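Colleague:
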Amino acid sequence: MENPRSDIALGAVSGVIGLALLLPTYRESENVFLLPGDISPFFAPKIFVFAWIGLSLAIMLKGLVTLRKWSGEMEHRNWGAIIGTFVVALLATGLMKPLGYLVVAPVAVFVSVWLIGYRNNLVNLVVAVTVSALLYLMLSQIAGLTLPRAFWQG
Amino acid sequence: MMMENFSAAFALALDPTGLAIMLLATFLGMVVGALPGLGTVTALAMVLPFTFVLPPAYAIGMLLAIYVSSVFGGAIPAVLINVPGTPQSAATSFEGYPMAQQGDAPKALGWVTVGSTIGGLFSAVILMLAAPQLARLALEFGVVETFALIVFSLTTIAWVSAGNPLKGLLAGIIGLWLSTVGTDEMSFTPRYTFDVFALTAGFHVVPILIGLFAVSEVFASAGKGVTASVQSIAKAGFKVAPLGEWWRLRVTLLRSSAIGTFLGILPGVGATAASLIAYAQARAGSKKKDSFGKGEPEGLVASESANNAVTGGALVPTLALGIPGDAATAVMLGALIIHGIQPGVDLFNSNGDLVSFIFIALFIVNIMMLLVGGLTSQLFTRILKLPHALIMGGVVALALAGSYVIRASILDVWVAVVSGFIGLLLRYANVPAAPIVIGFILGPTLESSLRQSLILKGSDPLRFFESPIASVFFAITAIVVVWPLISRVWRRP
Chain A
0 MENPRSDIAL GAVSGVIGLA LLLPTYRESE NVFLLPGDIS PFFAPKIFVF AWIGLSLAIM
60 LKGLVTLRKW SGEMEHRNWG AIIGTFVVAL LATGLMKPLG YLVVAPVAVF VSVWLIGYRN
120 NLVNLVVAVT VSALLYLMLS QIAGLTLPRA FWQG
Chain B
0 MMMENFSAAF ALALDPTGLA IMLLATFLGM VVGALPGLGT VTALAMVLPF TFVLPPAYAI
60 GMLLAIYVSS VFGGAIPAVL INVPGTPQSA ATSFEGYPMA QQGDAPKALG WVTVGSTIGG
120 LFSAVILMLA APQLARLALE FGVVETFALI VFSLTTIAWV SAGNPLKGLL AGIIGLWLST
180 VGTDEMSFTP RYTFDVFALT AGFHVVPILI GLFAVSEVFA SAGKGVTASV QSIAKAGFKV
240 APLGEWWRLR VTLLRSSAIG TFLGILPGVG ATAASLIAYA QARAGSKKKD SFGKGEPEGL
300 VASESANNAV TGGALVPTLA LGIPGDAATA VMLGALIIHG IQPGVDLFNS NGDLVSFIFI
360 ALFIVNIMML LVGGLTSQLF TRILKLPHAL IMGGVVALAL AGSYVIRASI LDVWVAVVSG
420 FIGLLLRYAN VPAAPIVIGF ILGPTLESSL RQSLILKGSD PLRFFESPIA SVFFAITAIV
480 VVWPLISRVW RRP
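These protein sequence lines map, in sequence, to chains A and B.
For the first sequence, numbering that gives the first Met the number 0 gives the first residue as 0, with consecutive numbering after it.
For the second sequence, numbering that gives the first Met the number 0 gives the first residue as 0, with consecutive numbering after it.
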């Protein structure tokens with residue numbers, strides 16, 4: 000049996016997001032000029048958003064109904080490490096353009112691996128630098144795809 | 000005409016560069032499939048950016064090789080460490096691991112590899128026979144029928160892909176909504192751009208895929224705190240059983256391959272269900288029922304031939320109708336569209352060479368899987384000892400690079416990271432990610448067919464039922480949705 004508390008949380012958060020999306024859906028659709036017989040570009044999004052809200056409510060209600068019967072335990076998760084890895088990924092994204100992929104990726108890899116729990120720092124460092132450099136070489140130099148250049152590369 | 004297509008396709012398929020790419024991708028797919036937690040969709044998402052610089056045929060060959068071999072790769076850890084690399088190989092561990100514990104790991108890998116190849120080749124034959132017929136049937140489809148077909152597929156996939164159908168449907172709807180962000184192609188109206196210029200081009204499928212499947216796995220690993228590498232691992236090898244033993248299992252092989260191919264064609268059922276059903280069928284029909292669970296080759300080949308047969312089966316509706324059967328074929332469909340190839344009737348009419356190439360490439364990658372599996376099996380004892388955290392480090396580097404290179408846009412990296420975190424929360428809430436991807440990929444076609452149908456029918460959706468084909472699809476959709484509810488009420492005392 001699924002955890003009804005997570006269902007209630009999912010339904011509530013997803014329902015609020017759905018409601019928040021209704022506002023721009025209606026506001027933006029007011030500015031659209033339509034010819035007779037034409038279908039508004041917001042017709043399908045409105046259906047999707049209403050279905051989104053309806054399903055969220057249904058999931059939340061199901062969670063509320065089954066809450067009493069549930070006797071399971073919450074699974075333990077290391078939220079500190081999860082948030083840490085997420086913040087590292089966000090910082091890496093924000094700094095990738097100004098500092099370059101070759102600078103940011105090895106640091107992001109090293110810190111993420113450390114946060115996941117691997118403590119052999121030397122191996123971690125070698126892997127972080129090698130994998131990032133190899134990827135940069137393959138994508139940027141061999142395949143000719145664009146990656147943010149390091150600040151010393153101009 | 001057909002023969003001309005095939006000779007051109009053969010020339011394309013036997014091109015040394017293309018073969019080398021497929022060979023490398025086969026090995027890569029096997030490795031990613033073998034690493035628990037990554038799986039087929041992650042493997043496809045991670046290599047997708049690399050295909051942008053390749054000609055379409057090479058790119059398709061590469062993706063097919065990754066697709067087929069990653070499904071097989073999941074069986075290797077199932078045999079060696081009792082942890083299936085992908086959910087599709089869950090049933091394989093029931094027999095493979097006991098066999099490995101008895102010191103027969105090389106023999107188990109032999110059964111698994113050859114069984115997978117037979118299943119894959121069987122499904123390739125069915126793909127070759129069925130896809131052109133289905134595409135011909137699809138000539139009857141107008142916009143109303145296309146709309147009904149997508150509603151049917153998406154509902155079925157969402158309904159059957161999760162334990163809780165409501166969550167599957169919610170995921171599908173999220174995917175559909177995501178596809179509406181950006182400039183509307185029919186009216187050029189910006190939607191949900193919130194005055195951010197970068198959003199006018201809409202979201203790209205690759206960062207969403209990388210986020211939902213790869214980045215979320217990194218966050219999940221952090222949550223679990225994976226540190227230790229695998230300690231107890233059977234010594235790998237490759238030993239094929241004598242022909243006589245294979246002959247004894249011919250009915251199981253054929254039945255399991257047929258089950259896999261058929262379930263692959265159906266939307267949403269997938270390889271996991273196929274392998275479990277084939278395993279159960281093999282056990283039920285076996286004369287050696289008691290030896291199941293103790294290392295019975297019949298159970299091994301049933302599971303593996305079925306899950307690999309799904310690959311060809313799932314490509315039937317993907318190529319013929321442009322409707323993917325699961326998340327992996329949705330990625331394949333997305334990749335084809337990125338390379339300017341629109342699956343469906345037109346693909347068969349205007350691009351016969353490429354269709355024939357796909358058929359031939361599927362045969363080639365299955366044979367390559369046998370060769371690479373046989374030659375590299377011993378390497379997997381070492382590969383599976385790699386610390387999971389270091390593999391996740393590689394995923395971080397690939398995710399950052401892979402999501403950026405598609406459009407050289409930092410927005411795509413933000414999308415990958417944020418969808419990774421959302422993907423993790425959805426995973427914890429038991430919401431499947433696959434319907435999001437399928438909804439996102441099918442969204443534009445669903446929306447344009449709906450709007451065109453409404454214009455055609457004078458804004459009256461009830462007139463959609465004037466089409467018998469559409470009515471059938473709507474009726475089946477209703478049955479799929481309502482049937483589980485009815486059966487639940489029925490079962491109540």
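Using N, Cα and C, we set each Cβ at its ideal position, and we do this for glycine too.
Predicted model only: the values in this text are computed from it and were never measured.
Identify the continuous alpha helix (DSSP H) that holds threonine 85 of chain B and give its terminal residues.
Modeller: Per DSSP, threonine 85 of chain B belongs to no alpha helix (DSSP H) and is neither H nor E.
Colleague: Compare the C-alpha of alanine 43 of chain A against each of B:Leu335, B:Ile75 and B:Ile173 and name the closest.
Modeller: Closest by alpha carbon: B:Ile173.
Colleague: By alpha-carbon positions, which one of A:Leu124, A:Arg118 and A:Asn119 ends up nearest to valine 108 of chain A?
Modeller: When each option's Cα is compared against that of valine 108 of chain A, the closest is A:Leu124.
Colleague: Using a C-beta to C-beta distance shorter than 9 Å, which residues of chain A count as neighbours of isoleucine 409 of chain B?
Modeller: What isoleucine 409 of chain B touches in chain A: Thr92, Gly93, Met95, Lys96 and Pro147.
Colleague: At a CB-CB cut-off below 8 Å, which residues of chain B make contact with glycine 62 of chain A?
Modeller: The premise fails here: glycine 62 of chain A is roughly 10 Å from chain B at the closest Cβ pair, so nothing lies under 8 Å.
Colleague: Run through the segment 89-142 of chain B for me and flag every whole alpha helix (DSSP H) of 4 or more residues, listed as ranges in chain order.
Modeller: You should have 89-98 and 104-136.
Colleague: Between the alpha carbons of isoleucine 209 of chain B and tyrosine 403 of chain B, how many angstroms are there, rounded?
Modeller: Roughly 11 Å between the two C-alpha positions.
Colleague: Taking only beta carbons into account, state which residues of the segment 344-373 of chain B come closer than 7 Å to chain A, listed in chain order.
Modeller: Within the segment 344-373 of chain B, no residue has a Cβ that lies closer than 7 Å to any Cβ of chain A.
Colleague: Who pairs with proline 189 of chain B in a beta bridge, going by DSSP?
Modeller: Answer is B:Thr182.
Colleague: How many angstroms separate the CA atom of glycine 28 of chain B from the CA atom of valine 142 of chain B?
Modeller: Approximately 37 Å between the Cα atoms of the pair.
Colleague: So, is the C-beta of serine 220 of chain B closer than 7 Å to a C-beta in chain A?
Modeller: Taking Cβ atoms only, chain A reaches closer than 7 Å to serine 220 of chain B, which makes this a yes.
Colleague: Between which two residues does the alpha helix (DSSP H) holding isoleucine 82 of chain A run?
Modeller: Its alpha helix (DSSP H) spans residues 78-98.
Colleague: Just by C-beta distance, which residues in the segment 43-57 of chain A are closer than 8 Å to chain B?
Modeller: The residues in question are Ala43, Pro44, Phe47, Val48, Ala50, Trp51, Leu54, Ser55 and Ala57.
Colleague: Would you say glutamate 216 of chain B lies against chain A (beta-carbon separation less than 7 Å)?
Modeller: No, its Cβ sits nowhere closer than 7 Å to a Cβ of chain A.
Colleague: Quick check on glutamate 446 of chain B: buried or exposed, where buried means 16 or more other Cβ atoms within 10 Å of its Cβ?
Modeller: The residue is buried, with at least 16 neighbouring Cβ atoms inside 10 Å.
Colleague: For the segment 156-176 of chain B, enumerate the residues whose C-beta is nearer than 8 Å to any C-beta of chain A, in chain order.
Modeller: If the cut-off is 8 Å between Cβ atoms, the segment 156-176 of chain B has Gly162, Asn163, Leu165, Lys166, Leu168, Leu169, Ile172, Ile173, Leu175 and Trp176 near chain A.
Colleague: DSSP three-state label for methionine 0 of chain B, please.
Modeller: Confidence at methionine 0 of chain B is low in this model, with a pLDDT of 48, below 50, so its placement is unreliable and the value that follows should be read with caution. Three-state result, methionine 0 of chain B: coil.
Colleague: Return helix, strand or coil for histidine 75 of chain A, following the three-state DSSP convention.
Modeller: Three-state result, histidine 75 of chain A: coil.
Colleague: Could I get the ranges of all uninterrupted alpha helix (DSSP H) runs contained in the segment 303-388 of chain B, with 4 residues as the minimum, in chain order?
Modeller: 326-337, 344-349, 351-375 and 378-382, all fully within the segment 303-388 of chain B.
Colleague: What residues in its chain sit with their C-beta under 7 Å from that of phenylalanine 218 of chain B, if we drop five residues either side in the sequence?
Modeller: So the list reads Gly419, Phe420 and Leu423, once near-sequence residues are dropped.
Colleague: Could you tell me how far apart the beta carbons of alanine 432 of chain B and leucine 211 of chain B are, in whole angstroms, since I believe they sit closer than 8 Å?
Modeller: Contact flag correct, Cβ pair sits at about 4 Å.
Colleague: Counting pairs of Cβ atoms below 8 Å between the segment 319-331 of chain B and the segment 144-156 of chain B, do you hit three or more?
Modeller: Judged by Cβ distances under 8 Å, the segment 319-331 of chain B makes contact with the segment 144-156 of chain B, as three or more pairs qualify.
Colleague: Nearest to lysine 384 of chain B by CA position, among B:Trp246, B:Ala200, B:Val430 and B:Ile232, is which residue?
Modeller: The option with the nearest alpha carbon to lysine 384 of chain B is B:Ile232.
Colleague: Note down the Cα distance separating aspartate 345 of chain B from threonine 328 of chain B, rounded to an integer number of angstroms.
Modeller: Approximately 19 Å, taken between the alpha carbons.
Colleague: Determine the contact status of phenylalanine 472 of chain B and phenylalanine 93 of chain B, defining contact as a CB-CB distance below 7 Å.
Modeller: No, the pair does not count as a contact, with Cβ atoms beyond the cut-off.
Colleague: Along chain B, in chain order, which residues have C-beta atoms closer than 9 Å to that of glutamate 1 of chain A?
Modeller: Gly162, Asn163, Lys166, Ala428 and Asn429, listed in chain order.
Colleague: Please list, in chain order, the chain D residues whose beta carbon lies closer than 7 Å to that of phenylalanine 85 of chain A.
Modeller: Checking the listed chains, one finds no chain D in this structure; the protein chains it contains are A and B.
Colleague: Which residues, taken in chain order from the segment 92-117 of chain B, show a beta carbon closer than 9 Å to some beta carbon of chain A?
Modeller: Answer in chain order: no residues at all.
Colleague: Measure from the C-beta of leucine 134 of chain A to each C-beta in chain B and report whether the shortest distance is under 7 Å.
Modeller: Output row for leucine 134 of chain A: interface = yes.
Colleague: Would you tell me roughly how many angstroms separate the C-alpha atoms of valine 46 of chain B and arginine 67 of chain A, rounded to the nearest one?
Modeller: Roughly 46 Å between the two C-alpha positions.
Colleague: Is it true that the CB of glycine 73 of chain B sits closer than 7 Å to the CB of glycine 32 of chain B?
Modeller: Yes, the Cβ-Cβ distance between glycine 32 of chain B and glycine 73 of chain B is below 7 Å.
Colleague: From glycine 457 of chain B to glycine 36 of chain A, what does the alpha carbon distance come to, in whole angstroms?
Modeller: Distance between the alpha carbons of glycine 457 of chain B and glycine 36 of chain A: 7 Å.
Colleague: The alpha helix (DSSP H) that contains glutamine 451 of chain B, what's its start and end?
Modeller: Counting along the chain, the alpha helix (DSSP H) containing glutamine 451 of chain B begins and ends at 433-455.
Colleague: Going by beta carbon distance, what residues of the same chain come within less than 8 Å of glutamine 341 of chain B, once the five residues before and after it are set aside?
Modeller: Once the five neighbours on either side are set aside, the close Cβ partners of glutamine 341 of chain B are Gly321 and Leu335.
Colleague: Phenylalanine 71 of chain B and methionine 331 of chain B - do their beta-carbons sit closer together than 7 Å?
Modeller: Cβ distance not < 7 Å, so methionine 331 of chain B and phenylalanine 71 of chain B don't count as in contact.
Colleague: State the CB to CB distance for the pair isoleucine 149 of chain B and threonine 444 of chain B, rounded to an integer number of angstroms; the pair is presumed to be in contact (CB under 8 Å).
Modeller: Yes, isoleucine 149 of chain B and threonine 444 of chain B are in contact; Cβ-Cβ is about 6 Å, under 8 Å.
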